[in-house]
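Have a look at the structure below before the remarks.
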Amino acid sequence: MTRILAISGSLRAESFNTALVNALQPFAPEGMQIEVYKGLDELPHFNQDLEANPPASVVRLREAIAEADGLIITTPEYNRSLPGVLKNALDWASRPYARGVLAGKSIVAMSASPGVQGGIRALIQLKTLLRDLNNFVVSGPEISVPEVHTRLGVEADVQHVLTDPATAGMVTHVLAGLQDAIDNNAGELVARPLGAWAASTA
Ligand SMILES: Cc1cc2nc3c(=O)[nH]c(=O)nc-3n(C[C@H](O)[C@H](O)[C@H](O)COP(=O)(O)O)c2cc1C
9 MTRILAISGS LRAESFNTAL VNALQPFAPE GMQIEVYKGL DELPHFNQDL EANPPASVVR
69 LREAIAEADG LIITTPEYNR SLPGVLKNAL DWASRPYARG VLAGKSIVAM SASPGVQGGI
129 RALIQLKTLL RDLNNFVVSG PEISVPEVHT RLGVEADVQH VLTDPATAGM VTHVLAGLQD
189 AIDNNAGELV ARPLGAWAAS TA
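For the sequence shown, position 183 matches number 191 in the numbering used here, and the numbering has no gaps at all.
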């Protein structure tokens with residue numbers, strides 16, 4: 009089984025991004041299990057003074073990422089950028105420098121917005137940030153979902169479903185790409201020079 013941790017960058021109870029990650033499982037390849045991370049609101053503001061002895065919520069985040077074979081991260085766009093809560097989580101997960109749990113992961117990044125641009129500016133920033141953290145970020149069709157409120161439905165009054173066939177098709181392709189990247193250790197290959205350098209300085 010391939011274990012994927014999905015992180016939504018929104019704390020909002022009715023978040024479209026959280027609804028989107030909750031609707032992804034039906035489009036995952038066989039054997040891929042997507043678990044949605046729920047602790048984003050528990051993370052304190054990043055403080056480098058706490059790095060040596062991080063709070064329990066940070067330890068839980070790092071363990072969840074470390075145990076996952078790959079990640080899916082969806083982001084809203086706030087003022088043409090990433091929401092602070094998501095950047096904060098990525099800052100925690102990136103440390104200690106060169107030894108953070110994010111390095112070496114294969115990742116799918118997505119954005120969603122009720123607006124017509126789909127949060128593409130936040131998505132570009134997210135992908136740039138992740139690549140600089142020595143990850144393999146899956147390419148392929150850009151999953152920047154515009155007018156997201158028209159592309160999600162609700163089933164049995166609780167479960168969100170992805171109703172837009174075009175978005176569903178793209179999601180299917182990038183999740184297959186994520187499985188392929190994990191099977192071929194793409195993340196590990198990207199992170200290898202950094203890991204070797206970190207080991208040489210230990
Ligand atoms: C502070 C703030 C700034 C926003 N800036 C943008 C923006 O730059 N681009 C955009 O498409 N939507 C913007 N929005 C609207 C969000 O896309 C919308 O609130 C969306 O539903 C948030 O994602 P969520 O549903 O996952 O919580 C902004 C919303 C807030 C609260």
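Just so you know, even glycine gets a beta-carbon here, dropped at the ideal spot from N, CA and C.
Just verifying my parser: in three-state terms, what is the DSSP assignment at residue i?
i, result
"residue 16", "strand"
"residue 157", "helix"
"residue 103", "coil"
"residue 53", "coil"
"residue 121", "coil"
"residue 42", "strand"
"residue 75", "helix"
"residue 162", "strand"
"residue 65", "helix"
"residue 88", "coil"
"residue 146", "coil"
"residue 116", "strand"
Apart from the five residues on each side of it in sequence, which residues of its chain come closer than 6 Å, Cβ to Cβ, to residue i?
i, result
"residue 161", "169, 171"
"residue 112", "195, 196, 199"
"residue 86", "none"
"residue 54", "96, 99, 100"
"residue 102", "108, 110, 141"
"residue 128", "152"
From which residue to which residue does the alpha helix (DSSP H) around residue i run?
i, result
"residue 128", "128 to 140"
"residue 198", "194 to 209"
"residue 173", "173 to 191"
From which residue to which residue does the beta strand (DSSP E) around residue i run?
i, result
"residue 78", "78 to 83"
"residue 29", "Unbroken run through residue 29 is the alpha helix (DSSP H), 24 to 30; no beta strand (DSSP E)."
"residue 170", "167 to 170"
Give me, in chain order, the residues of the same chain whose beta-carbon lies closer than 8 Å to that of residue i; leave out the 5 immediate sequence neighbours on both sides.
i, result
"residue 135", "117, 145"
"residue 58", "52, 66"
"residue 125", "85, 152, 154"
"residue 32", "14, 42, 80, 170, 179, 183"
"residue 189", "78, 114, 144, 146, 195"
"residue 89", "129, 130, 133"
Return the chain-ordered list of same chain residues with a C-beta closer than 7 Å to the C-beta of residue i, the five sequence neighbours on each side being excluded.
i, result
"residue 13", "43, 45, 72, 73, 76, 79"
"residue 36", "42, 183"
"residue 56", "none"
"residue 19", "48, 49, 93"
Using a Cβ distance threshold of 8 Å, determine whether the stretch 174 to 194 contacts the stretch 146 to 161, with at least three qualifying pairs required. Enough Cβ pairs lie closer than 8 Å, so yes.
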